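Everything below concerns the one structure shown next.
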Amino acid sequence: MTVRVGDELPPLRIPITRTLIVSGAIASRDYQDVHHDAEAAKEKGSPDIFMNILTTNGLVGRYITDHFGPHVRLQKVAIRLGAPNYPGDEMVLTGQVTAVTDGTAEVSVTGRNGIGNHVMGKVTLRLSLDFPHGEADSPQRGAR
1 MTVRVGDELP PLRIPITRTL IVSGAIASRD YQDVHHDAEA AKEKGSPDIF MNILTTNGLV
61 GRYITDHFGP HVRLQKVAIR LGAPNYPGDE MVLTGQVTAV TDGTAEVSVT GRNGIGNHVM
121 GKVTLRLSLD FPHGEADSPQ RGAR
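Heads up, the sequence shown is in full-length UniProt numbering, so the first residue is 1 and it goes up one at a time.
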């Protein structure tokens, strides 16, 4: 795959469901009640439960690896959260390659929902890993 500065990644549409919010919080061991208890979230000033940053971070990573494939390695994911992701909304991730140097690339990523920008950030990835024959397809390498 040839990667050039200015390349745009296709958008990824992610429905924000209660199941995604709660399961993401549980998977990342974030047991704060605002991520699973609607009444507690309302008592704390939120209209509903909302997605945690670790789930967002994972979705950004998935967006990058789904596009670039199994032969890349995420080196750095730096994100900032904005508008919360609430159940019933949709987040659309978009990205653009902003730098390519010495086998690495930087991709600027934005995730928008119905309120505004949920996440903005930059991902640095190593573009090509040299796997011995067959190793890239092994479960240890995250083959899909």
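Backbone N, C-alpha and C fix where the C-beta goes; we use that ideal spot for every residue, glycine too. As the structure is a prediction and not an experimental result, all values here were calculated from the model.
Secondary structure of residue i, DSSP reduced to three states
i: Gly121; result: strand
i: Arg144; result: Residue placement at Arg144 is poorly supported in this model, since its pLDDT is 41, which falls under 50; the coordinates still yield a value, given next. Reduced to three states, the DSSP call for Arg144 is coil.
i: Arg62; result: helix
i: Arg18; result: helix
i: Ser128; result: coil
Residues near residue i by beta carbon distance below 8 Å, same chain, minus five either side
i: Asn117; result: Gly82, Ala83, Thr110, Gly111
i: Val5; result: Val97, Thr98, Ala99, Val100
Among the options, nearest to residue i - alpha-carbon criterion
i: Thr17; options: Lys76, Asn113, Ile79; result: Asn113
i: Lys122; options: Gln96, Ser128, Asp102; result: Gln96
Contact under 8 Å by Cβ, residue i with residue j
i: Thr65; j: Val119; result: no
i: Phe68; j: Leu125; result: yes
i: Ser28; j: Leu54; result: yes
i: Asp37; j: Pro87; result: no
i: Thr104; j: Leu127; result: yes
i: Glu90; j: Pro15; result: yes
Proximal residues to residue i (C-beta, below 6 Å), its chain only, five neighbours per side dropped
i: Asp33; result: Ala40
i: residue 172; result: Lying before the first or after the last residue shown, residue 172 is absent from the chain, which here runs from 1 to 144.
i: Ile115; result: Ala83
Residues sharing a beta bridge with residue i, DSSP
i: Val72; result: Partner(s): none; Val72 has no beta bridge.
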